[in-house]
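As numbered in full-length UniProt numbering, the sequence shown has no gaps in its residue numbers, which increase by one up to the final residue, 118.
Glycine included, C-beta positions come from ideal geometry on N, C-alpha and C.
Structure first, then comments.
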Amino acid sequence: MGYRSSYECPWCDPENIALDPVFESIQELAQHRDIEHPGKPIYVCSACDMTFNEWQEATEHVRERHDEYCEECQRGYIYEAVALTPEKKQRISDIHDEIAKLREELEELCRIPTGSRA
């Protein structure tokens, strides 16, 4: 996931030109939220749309609810799980299926006697 260049206030009325609803950093948006929209959550989980007031809460939620672990490559997809589209998940699954098939073929080849001894 890359960094965003702007953050739009989800609570400001776009018709209200008195407030500029676009900010350059998440900190500026949080400051605006605290002044103009107190109590509104700022962090939204892109996997399930749950909202959080603190970054730490959102991070903990992602670790607990959206942690994916690949048995094939022993890689954890804690943060990536949020960004994975169904197509990307399918591609990862296909690649892991290919790895498993190659592993089985290699194991089969290793069982074939070569006639030579070390």
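query                                                                                     : result
Whole-Å CB distance - Tyr-43 paired with Leu-29, under 8 Å assumed                        : Going by Cβ atoms, the distance from Tyr-43 to Leu-29 rounds to 10 Å, so no, they are not a contact pair.
Supposed close pair His-61, Phe-52 - CB separation, criterion 8 Å                         : 7 Å
Cα-Cα separation, Glu-36 to Cys-12                                                        : 9 Å
Buried or exposed by the 16-neighbour rule on C-beta atoms within 10 Å, applied to Arg-33 : buried
Reference Cys-45; option with closest CA among Pro-38, Glu-54, Gly-39                     : Glu-54
Buried or exposed by the 16-neighbour rule on C-beta atoms within 10 Å, applied to Ala-58 : buried
Under the three-state DSSP convention, the category Glu-8 falls into                      : strand
Interface flag, Gln-56 vs chain B, CB-CB below 8 Å                                        : Absent here is chain B; the protein component of the structure consists of one chain.
Those residues which DSSP pairs with Val-62 across a bridge                               : Note: Val-62 sits in no beta bridge, so no partner.
Inter-residue Cα distance where the pair is Pro-14 and Asp-20                             : 9 Å
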